[in-house]
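Student: If you scroll down you'll find the structure; I have some questions about it.
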Amino acid sequence: MNHETMTRRRPSVWRFALHGLEMVIAMVLGMVVLGQIWAWAWPGLTENTTAHVLVMATDMSIGMAVWMRIRGHGLPAIAEMTAAMYLSFLVLLPFHWVGALSAMGLMTAGHVLMLPAMLIAMLRRRREYGW
(Lines of atoms letter the chains of each structure in order from A and count residues from 1; the text may use other names and numbers.)
(Lines give C-alpha, C1' and ligand atoms only; values in the text may rest on other atoms or scores of the structure.)
Protein backbone atom coordinates (compact mmCIF):
# COMPACT_ATOMS: atom_id res chain seq x y z
CA MET A 1 0.00 0.00 0.00
CA ASN A 2 1.54 3.31 -1.03
CA HIS A 3 1.33 6.64 0.75
CA GLU A 4 -1.25 8.01 -1.69
CA THR A 5 -3.67 5.17 -0.98
CA MET A 6 -3.25 5.58 2.77
CA THR A 7 -3.88 9.33 2.52
CA ARG A 8 -7.13 8.82 0.62
CA ARG A 9 -8.46 6.44 3.24
CA ARG A 10 -7.53 8.51 6.26
CA PRO A 11 -10.66 9.73 8.03
CA SER A 12 -11.06 13.49 8.07
CA VAL A 13 -13.44 16.17 9.18
CA TRP A 14 -13.54 17.36 5.56
CA ARG A 15 -14.85 14.00 4.30
CA PHE A 16 -17.34 13.89 7.16
CA ALA A 17 -18.64 17.37 6.27
CA LEU A 18 -18.72 16.55 2.56
CA HIS A 19 -20.75 13.43 3.27
CA GLY A 20 -23.23 15.54 5.26
CA LEU A 21 -23.47 18.05 2.42
CA GLU A 22 -24.14 15.24 -0.07
CA MET A 23 -27.03 14.06 2.09
CA VAL A 24 -28.47 17.57 2.35
CA ILE A 25 -28.34 17.89 -1.45
CA ALA A 26 -30.05 14.50 -1.81
CA MET A 27 -32.74 15.64 0.64
CA VAL A 28 -33.37 18.84 -1.30
CA LEU A 29 -33.58 16.90 -4.56
CA GLY A 30 -36.02 14.45 -2.97
CA MET A 31 -38.16 17.31 -1.70
CA VAL A 32 -38.15 19.14 -5.04
CA VAL A 33 -38.71 16.13 -7.31
CA LEU A 34 -41.22 14.29 -5.14
CA GLY A 35 -42.88 17.58 -4.19
CA GLN A 36 -43.95 17.98 -7.81
CA ILE A 37 -45.61 14.58 -7.73
CA TRP A 38 -47.44 15.45 -4.50
CA ALA A 39 -48.59 18.79 -5.97
CA TRP A 40 -50.23 16.85 -8.78
CA ALA A 41 -51.55 13.94 -6.68
CA TRP A 42 -52.75 15.95 -3.65
CA PRO A 43 -53.67 19.50 -4.76
CA GLY A 44 -54.73 20.71 -1.28
CA LEU A 45 -51.68 19.38 0.55
CA THR A 46 -50.23 22.80 1.36
CA GLU A 47 -53.47 23.75 3.15
CA ASN A 48 -52.92 21.00 5.75
CA THR A 49 -49.72 22.00 7.55
CA THR A 50 -49.37 18.76 9.51
CA ALA A 51 -49.68 16.59 6.42
CA HIS A 52 -47.47 18.97 4.45
CA VAL A 53 -44.51 18.83 6.85
CA LEU A 54 -44.78 15.05 7.21
CA VAL A 55 -44.86 14.60 3.43
CA MET A 56 -41.83 16.90 3.12
CA ALA A 57 -40.00 14.84 5.74
CA THR A 58 -40.89 11.72 3.77
CA ASP A 59 -39.67 13.23 0.50
CA MET A 60 -36.38 14.29 2.10
CA SER A 61 -36.00 10.87 3.72
CA ILE A 62 -36.49 9.08 0.41
CA GLY A 63 -33.90 11.23 -1.38
CA MET A 64 -31.43 10.87 1.47
CA ALA A 65 -32.03 7.12 1.88
CA VAL A 66 -31.45 6.47 -1.81
CA TRP A 67 -28.16 8.39 -1.68
CA MET A 68 -27.07 6.65 1.51
CA ARG A 69 -27.79 3.27 -0.07
CA ILE A 70 -25.73 4.27 -3.13
CA ARG A 71 -22.92 5.24 -0.74
CA GLY A 72 -23.13 1.78 0.83
CA HIS A 73 -24.72 2.59 4.19
CA GLY A 74 -26.60 -0.12 6.01
CA LEU A 75 -30.24 -0.03 6.99
CA PRO A 76 -29.61 0.93 10.66
CA ALA A 77 -27.75 4.10 9.61
CA ILE A 78 -30.47 4.92 7.08
CA ALA A 79 -33.18 4.38 9.71
CA GLU A 80 -31.38 6.68 12.17
CA MET A 81 -31.02 9.41 9.57
CA THR A 82 -34.66 9.01 8.55
CA ALA A 83 -35.66 9.43 12.20
CA ALA A 84 -33.67 12.67 12.22
CA MET A 85 -35.81 13.93 9.31
CA TYR A 86 -39.04 13.42 11.25
CA LEU A 87 -37.92 14.17 14.80
CA SER A 88 -37.66 17.94 14.46
CA PHE A 89 -41.15 18.21 12.99
CA LEU A 90 -42.70 15.75 15.45
CA VAL A 91 -41.28 17.73 18.38
CA LEU A 92 -42.62 21.01 17.00
CA LEU A 93 -46.05 19.92 15.75
CA PRO A 94 -47.79 20.13 19.17
CA PHE A 95 -46.73 23.80 19.40
CA HIS A 96 -48.30 24.40 15.99
CA TRP A 97 -51.50 22.58 16.95
CA VAL A 98 -52.06 24.81 19.99
CA GLY A 99 -51.33 27.95 17.97
CA ALA A 100 -47.96 28.78 19.55
CA LEU A 101 -46.10 28.26 16.26
CA SER A 102 -47.25 29.44 12.84
CA ALA A 103 -47.09 27.23 9.77
CA MET A 104 -44.08 29.17 8.47
CA GLY A 105 -42.42 29.01 11.88
CA LEU A 106 -42.95 25.25 11.94
CA MET A 107 -41.45 24.84 8.47
CA THR A 108 -38.45 27.02 9.27
CA ALA A 109 -37.71 25.64 12.73
CA GLY A 110 -38.27 22.06 11.56
CA HIS A 111 -35.74 22.41 8.77
CA VAL A 112 -33.23 24.20 11.00
CA LEU A 113 -33.51 21.63 13.81
CA MET A 114 -33.09 18.84 11.28
CA LEU A 115 -29.41 19.73 10.80
CA PRO A 116 -28.33 19.14 14.42
CA ALA A 117 -30.45 15.97 14.47
CA MET A 118 -28.57 14.76 11.39
CA LEU A 119 -25.25 15.71 12.97
CA ILE A 120 -26.07 13.65 16.06
CA ALA A 121 -26.95 10.65 13.88
CA MET A 122 -23.70 11.10 11.93
CA LEU A 123 -21.57 11.43 15.06
CA ARG A 124 -23.00 8.16 16.40
CA ARG A 125 -21.44 6.45 13.36
CA ARG A 126 -18.61 8.84 12.62
CA ARG A 127 -16.39 6.14 11.07
CA GLU A 128 -19.14 5.20 8.64
CA TYR A 129 -19.40 8.83 7.56
CA GLY A 130 -15.67 9.26 7.03
CA TRP A 131 -14.34 10.70 10.28
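Residue numbers are given in our numbering: position 55 of the sequence shown equals residue 1380, and the series is strictly consecutive.
Even glycine gets a Cβ: it sits at the ideal position worked out from N, Cα and C.
Bear in mind that the values here come from a model prediction, so they are computed numbers and not experimental data.
Is it a yes or a no for the stretch 1369 to 1386 touching the stretch 1401 to 1414, going by three-plus beta-carbon pairs under 8 Å?
Tutor: Contact between the stretch 1369 to 1386 and the stretch 1401 to 1414 is present, because at least three Cβ pairs lie under 8 Å.
Student: Verify whether the separation of the beta carbon atoms of Ala-1351 and Val-1391 is less than 8 Å.
Tutor: A contact, by the Cβ cut-off of 8 Å.
Student: Using the Cα positions of His-1436 and Leu-1417, report the straight-line distance between them to the nearest angstrom.
Tutor: Approximately 11 Å between the Cα atoms of the pair.
Student: Between which residues of its own chain and Ala-1409 is the CB-CB distance below 8 Å, once the five residues before and five after are set aside?
Tutor: Correct list, in chain order: Met-1439, Ala-1442, Met-1443, Ile-1445 and Ala-1446.
Student: Alpha carbon to alpha carbon, what distance is there between Thr-1371 and His-1344?
Tutor: Going by the C-alpha atoms only, they are around 31 Å apart.
Student: Helix, strand or coil, according to DSSP, for Trp-1367 in the structure here?
Tutor: Residue state, collapsed to three classes: coil.
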